[in-house]
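Below is one structure, written out as structure tokens; comments come after it.
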Amino acid sequence: MLAARRHAASTPSPLLLRRLSAQPQPKAPPPPSDEGAAAWARRAVALSLLGLTGAVAASAFSDLSVFLSCSSQAMEKATKNQQVASAIGEPITRGPWYSASIAVNRARRSVSCTFPVSGPQGDGLLKFKAVRLGEESWFRFLQRSDWEILIMHAILDVRTEDGKHQTMRVMVADNTAAPPPPADCRTCKPRTTPTPKPKPTPVPTPMPTSAPPPAQEK
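Position one of the sequence shown corresponds to residue 1 (full-length UniProt numbering), numbered consecutively onward.
Here it is, written out as structure tokens:
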């Protein structure tokens, strides 16, 4: 009986087991990991890619703005050229911007551009070099820039009457004549060279002749 009592005392009761199981068990600390450093690295890479994408987009937008501005002036100049208009016909339309090639300097003050044009009688390419006029400003993307076209020529592919294609090269220059000078412009009037007056020819003065001596009477 004593042994039975010892066995019953050593055996935990079901109520005690329930209380022990209900108590929160201490958890082991998590092992150290590099998740924090990896997260910062992923964020840095994402920010770098975002900045690079923004820089590329800004550069592309700037190139597109330069192309639209300077090509509009080139189109206006080519339309007024009689050789280009008679070769490919009118109206002359500009090709898509993605078919053009443009090269600008670092300050975006000079540009070299090539873009396609087309007309009812043929098509071709316009090539020109231009420089920007005016001062540099922070709002150059919002303002229309004025360009001075230094040199420009057109390479035209013209269809002849027999169905063949003929390539011609045209130097596009300004066809506008210079305005006449004002009426009171003294420097513009031709200077007349005064005609020298002939010098009078001196008439020789006759020398006085002496009278013959009177004859002596014999």
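Beta carbons: idealized from backbone N, C-alpha and C, even for Gly.
_Residue burial classification, F61 (beta-carbon count within 10 angstroms, cutoff 16)_ = exposed
*Alpha-carbon spacing of V66 relative to A173, whole angstroms*: 22 Å
*asked:* Between S118, M168, A41, which has its C-alpha nearest E90's C-alpha?
replied: S118
_Is there a C-beta anywhere in chain B that falls below 8 Å from the one on K129?_
Chain labels in this structure do not include chain B; a single protein chain is all it has.
*asked:* Which same chain residues end up closer than 7 Å to R159 when comparing Cβ atoms and leaving out the 5 residues on each side of it in sequence?
replied: Residues Q121, G122, H165 of the same chain have their beta carbon placed closer than 7 Å to that of R159, with the five preceding and five following residues left out of the count.
*Return helix, strand or coil for V84, following the three-state DSSP convention.*
helix
*Ends of the beta strand (DSSP E) at S99?*
Here S99 belongs to no beta strand (DSSP E), and DSSP marks it neither H nor E.
*For A57, count neighbouring Cβ atoms within 10 angstroms of its own Cβ and tell me buried if that reaches 16, exposed if not.*
exposed
*Test item: CB-CB of D146 and V104 under 8 Å*: no
_Can you tell me which residues form a DSSP beta bridge with P116?_
L125
*What does I149 pair with, by DSSP beta-bridge criteria?*
A130
*asked:* Tell me which residues share the same chain as N81 and place their Cβ nearer than 6 Å to its Cβ, disregarding the 5 neighbours each side in the sequence.
replied: V172
*Is it right to say G124 is buried, meaning 16 or more other beta carbons lie within 10 angstroms of its own, or is it exposed?*
buried
*asked:* DSSP has residue 235 in a bridge; who is on the other side?
replied: Since the first and last residues shown for the chain are 1 and 218, residue 235 lies out of range.
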